[in-house]
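As structure tokens, the structure follows; a few thoughts come after it.
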Amino acid sequence: MHQPNKILTPVHISKADAQHLLHQMLRIRRFEEKAAEMYTQGHIKGFLHLYIGEEAVAVGIMDALQPEDGVVATYREHGHALAKGVSANSIMAEMFGKEEGCSRGRGGSMHLFDAETRFFGGNAIVGGHLPLAVGLALADKMQQKQVVTACFFGEGAVAEGEFHESLNLAALWQTPVLFVCENNGYAMGTALDLSESEMDIHAKAASYQIPSEVVDGMDVLAVRQAAERAAAHIRSGKGPYFLECRTYRFRAHSMFDAELYRDKSEVEEWKKYGPITSFIKRLKNQDLISEAEILELENQVAAEVNESVKFAESGTLESEANLLRFVYSEKKLVM
Amino acid sequence: MKITYREAIRESIREAMQEDEKVFLMGEDVGHYGGCFAVSKDLLAEFGAERIRDTPLSESAFVGIGIGAAMNGMKPIVEVMTVNFSLLAADQIMNNAATILHMSGGLFNVPVVIRMATGGGKQLAAQHSHSLEGWYAHIPGLKVLTPATLEDARGMLISALKDPDPVLIFENSTLYNHQGELSEDAGAVDIFKAKIRRQGKDISLVTYGIGYHKCVAAAEILAAEGIDAEILDLRVLRPLDDATILETVKKTGRVLIVDEGWKSGGISAEISSRIMEKGFFDLDMPVARLGGAEVPMPYAEHLERIAVPQVETIVAKVKEMI
Ligand SMILES: Cc1ncc(C[n+]2csc(CCOP(=O)(O)OP(=O)(O)O)c2C)c(N)n1
Numbered sequence: 022m023h024q025p026n027k028i029l030t031p032v033h034i035s036k037a038d039a040q041h042l043l044h045q046m047l048r049i050r051r052f053e054e055k056a057a058e059m060y061t062q063g064h065i066k067g068f069l070h071l072y073i074g075e076e077a078v079a080v081g082i083m084d085a086l087q088p089e090d091g092v093v094a095t096y097r098e099h100g101h102a103l104a105k106g107v108s109a110n111s112i113m114a115e116m117f118g119k120e121e122g123c124s125r126g127r128g129g130s131m132h133l134f135d136a137e138t139r140f141f142g143g144n145a146i147v148g149g150h151l152p153l154a155v156g157l158a159l160a161d162k163m164q165q166k167q168v169v170t171a172c173f174f175g176e177g178a179v180a181e182g183e184f185h186e187s188l189n190l191a192a193l194w195q196t197p198v199l200f201v202c203e204n205n206g207y208a209m210g211t212a213l214d215l216s217e218s219e220m221d222i223h224a225k226a227a228s229y230q231i232p233s234e235v236v237d238g239m240d241v242l243a244v245r246q247a248a249e250r251a252a253a254h255i256r257s258g259k260g261p262y263f264l265e266c267r268t269y270r271f272r273a274h275s276m277f278d279a280e281l282y283r284d285k286s287e288v289e290e291w292k293k294y295g296p297i298t299s300f301i302k303r304l305k306n307q308d309l310i311s312e313a314e315i316l317e318l319e320n321q322v323a324a325e326v327n328e329s330v331k332f333a334e335s336g337t338l339e340s341e342a343n344l345l346r347f348v349y350s351e352k353k354l355v356m
Numbered sequence: 166m167k168i169t170y171r172e173a174i175r176e177s178i179r180e181a182m183q184e185d186e187k188v189f190l191m192g193e194d195v196g197h198y199g200g201c202f203a204v205s206k207d208l209l210a211e212f213g214a215e216r217i218r219d220t221p222l223s224e225s226a227f228v229g230i231g232i233g234a235a236m237n238g239m240k241p242i243v244e245v246m247t248v249n250f251s252l253l254a255a256d257q258i259m260n261n262a263a264t265i266l267h268m269s270g271g272l273f274n275v276p277v278v279i280r281m282a283t284g285g286g287k288q289l290a291a292q293h294s295h296s297l298e299g300w301y302a303h304i305p306g307l308k309v310l311t312p313a314t315l316e317d318a319r320g321m322l323i324s325a326l327k328d329p330d331p332v333l334i335f336e337n338s339t340l341y342n343h344q345g346e347l348s349e350d351a352g353a354v355d356i357f358k359a360k361i362r363r364q365g366k367d368i369s370l371v372t373y374g375i376g377y378h379k380c381v382a383a384a385e386i387l388a389a390e391g392i393d394a395e396i397l398d399l400r401v402l403r404p405l406d407d408a409t410i411l412e413t414v415k416k417t418g419r420v421l422i423v424d425e426g427w428k429s430g431g432i433s434a435e436i437s438s439r440i441m442e443k444g445f446f447d448l449d450m451p452v453a454r455l456g457g458a459e460v461p462m463p464y465a466e467h468l469e470r471i472a473v474p475q476v477e478t479i480v481a482k483v484k485e486m487i
């Protein structure tokens, strides 16, 4: 199991940039805290997988992407959707099962979709979306578009056949995919050393001839820098790139998890070096942010999150008469 | 013009690729080998390796790649060698192709076409000979086509490529060499309706794919004995065309469903149920079925023969019913 990085390296970015990154991470953090609250109150049902602790990965990667770049993610994707630009309103409404949700209440927490921001879904089959990512990227390549498809997955997916098939094909066909493995050490309750003979995941990618790096996934700047390198490589037509972001999940796997597989002390230790905590410390060390500025960001975020709850509450439940919609396309085949 | 079923499909692929540069073919051995059933022979030379794309043995990945490419502006035709191998891609077909339109609340449709060979009759035993199209017909979100004729072999693929949703095409492998006349201008056909291909008044033979050809042979023998059988070619297993099924039930009052797939939980069970639900009072006797023997397909020729309905078993069953 990897360990948190305890060194607070100096940052070399502008104040505006620093605050932008912090803002993005806070949006995800507070949105998910609210989602957990809404879950406990019974407004959100089904599975709810929180990303808390891992925010630096989604934020760092998305910041290196362009609006036309595509994203495919897992069931733990609220953070990715928010960072890609899907509105908090439509995500919260989706989790409330409302028609105003980004997937009209057909998907729920695990299946957020948005065409406008090219968010190709949260997928809840571990490993099942890797082939999709390669296909999306193949389509871009065949249409001569200089677009990146970022594909996020946990280290648990690495054991699936679809991971290996997809990496092989992505490399063989030089498709523009950015593979982002969010290695948080556990697949539900199974630690990496209980599931993998070779625990160095980035080495597996390298064995498929894909350039790969290990990144400190708790450091938003490290993630962004790596993602910028990766995106430049991909956009120059050199094929896929692989980032193993080492991170840690602070919350339970989902809302049903007694967390028997890890010590509370382990979680507490990681929290001390969390992506938001450490980043704030680093910014303060260099006078890039003040308490007042943090408070202002928090207020902005709270307003956005509270608004999303109101939006979701006042949303409509789709008419039961529409149950059978979206099984087949509504534009009919013309012959 | 004289043409085989295989050539009809090839011509259809060729034409689609000439017309629309977004169409491409992908699968194991479709290129350099020429297709494991030679359907795509010579297409690599004509269209190049970008568009006649050989894949490694990675059914799940290349079917999923087809789905992803379809979601992003391309029109892939994915060839899976046989339906038994498609089970390695069942995750992609069921969990992605069939669900994404719905899970996304209508945002993303998946216009992928997946073709595969199905059926027995070549002594290929229990991992290469099953007729599992009925399984796929179980799944909302998919369209399931079973071309029996040259016209459909050619036309269904054209229509499938224009369809906004995932379409699975099941080609019975014993039909690839089937030869006959096809008009030069044969083109797109509807992919919604069943078709009564032989009019008759005494009994309705409801079937599809290879079963259709066996029913035609059986109907000729029966005609010589004064029994006038009607043949309904289902053509499309999902969505089932209830109206045309009920029309033939009403006309003859006797129904024999002929399907090489297993009867238990199979497509024949589904059709029988629908007739019971919606056409019961038009029946003169219970619906009867001939299906595959409930056994994995045996290798030995004589056993394989009796494991699926044959012309003589159809004839015998009809005589029993009349
Ligand atoms: C194919 C498949 N098998 C099992 C599951 C049940 N499951 C859901 S999440 C999960 C663990 C995945 O862990 P990882 O890929 O590391 O991602 P994380 O949840 O840690 O983000 C499992 C086993 C599933 N959804 N899909």
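Sequence order for the protein chains is A and B. Note that the numbering used here has the first sequence beginning at 22, numbered continuously upward. Note that the numbering used here has the second sequence beginning at 166, numbered continuously upward. We put the CB at the ideal spot given by N, CA and C, even for glycine.
Test: residue i CB closer than 8 Å to a CB of chain A
{"i": "D226 (chain B)", "result": "At residue 226 (chain B) the sequence reads Ala, which differs from the Asp that was named. For A226 (chain B), the answer is yes, since a Cβ of chain A falls inside 8 Å of its Cβ."}
{"i": "M246 (chain B)", "result": "no"}
{"i": "D256 (chain B)", "result": "yes"}
{"i": "G271 (chain B)", "result": "yes"}
{"i": "M182 (chain B)", "result": "no"}
{"i": "D330 (chain B)", "result": "yes"}
{"i": "L266 (chain B)", "result": "yes"}
{"i": "A234 (chain B)", "result": "yes"}
{"i": "S251 (chain B)", "result": "no"}
CB of residue i within 8 Å of CB of residue j, strictly
{"i": "I49 (chain A)", "j": "A171 (chain A)", "result": "no"}
{"i": "S369 (chain B)", "j": "T311 (chain B)", "result": "no"}
{"i": "G149 (chain A)", "j": "E98 (chain A)", "result": "no"}
{"i": "D221 (chain A)", "j": "N26 (chain A)", "result": "no"}
{"i": "R139 (chain A)", "j": "V80 (chain A)", "result": "no"}
{"i": "G238 (chain B)", "j": "A160 (chain A)", "result": "yes"}
{"i": "F134 (chain A)", "j": "L297 (chain B)", "result": "no"}
{"i": "I231 (chain A)", "j": "S130 (chain A)", "result": "no"}
{"i": "G532 (chain B)", "j": "V483 (chain B)", "result": "With chain B covering only 166 through 487, there is no way to say anything about residue 532 (chain B)."}
{"i": "A282 (chain B)", "j": "V309 (chain B)", "result": "no"}
{"i": "M116 (chain A)", "j": "A57 (chain A)", "result": "no"}
{"i": "G126 (chain A)", "j": "K119 (chain A)", "result": "yes"}
{"i": "I422 (chain B)", "j": "R470 (chain B)", "result": "no"}
{"i": "A290 (chain B)", "j": "P463 (chain B)", "result": "yes"}
{"i": "I334 (chain B)", "j": "V278 (chain B)", "result": "yes"}
Below-8 Å beta-carbon distance, residue i vs any chain B residue
{"i": "G182 (chain A)", "result": "yes"}
{"i": "Y282 (chain A)", "result": "no"}
{"i": "L190 (chain A)", "result": "yes"}
{"i": "Q45 (chain A)", "result": "no"}
{"i": "Q164 (chain A)", "result": "yes"}
{"i": "A154 (chain A)", "result": "yes"}
{"i": "D90 (chain A)", "result": "no"}
{"i": "L4 (chain A)", "result": "Beyond the ends of chain A as shown, which are 22 and 356, falls residue 4 (chain A); an answer cannot be given."}
{"i": "E186 (chain A)", "result": "yes"}
{"i": "Y349 (chain A)", "result": "yes"}
Three-state secondary structure (DSSP) of residue i
{"i": "P241 (chain B)", "result": "strand"}
{"i": "F184 (chain A)", "result": "helix"}
{"i": "I28 (chain A)", "result": "coil"}
{"i": "S233 (chain A)", "result": "strand"}
{"i": "V354 (chain B)", "result": "coil"}
{"i": "D308 (chain A)", "result": "coil"}
{"i": "G192 (chain B)", "result": "strand"}
{"i": "N342 (chain B)", "result": "coil"}
{"i": "C380 (chain B)", "result": "helix"}
{"i": "G118 (chain A)", "result": "coil"}
{"i": "R403 (chain B)", "result": "strand"}
{"i": "M236 (chain B)", "result": "helix"}
Whole-number beta carbon distance between residue j and residue i, since they are thought to touch under 8 Å
{"i": "K287 (chain B)", "j": "S338 (chain B)", "result": "7 Å"}
{"i": "I146 (chain A)", "j": "N274 (chain B)", "result": "That belief does not hold up - the Cβ atoms of I146 (chain A) and N274 (chain B) are roughly 19 Å apart, past 8 Å."}
{"i": "L322 (chain B)", "j": "A203 (chain B)", "result": "Not really, about 16 Å apart at Cβ, beyond 8 Å."}
{"i": "K366 (chain B)", "j": "R400 (chain B)", "result": "Not confirmed; about 22 Å, so no contact."}
{"i": "Q40 (chain A)", "j": "E314 (chain A)", "result": "7 Å"}
{"i": "V326 (chain A)", "j": "A77 (chain A)", "result": "In fact, because the Cβ distance is near 19 Å, the residues do not count as touching under 8 Å."}
{"i": "G74 (chain A)", "j": "R270 (chain A)", "result": "5 Å"}
Check your understanding: Should the segment 108-121 of chain A be called in touch with the segment 321-336 of chain A, which here means at least 3 C-beta pairs below 8 Å?
Key -> Short answer: they touch.
Check your understanding: Looking at C-beta atoms only, is the number of pairs between the segment 278-294 of chain A and the segment 203-210 of chain A that lie closer than 8 Å three or more?
Key -> In short, these stretches touch, since the Cβ pair count reaches three.
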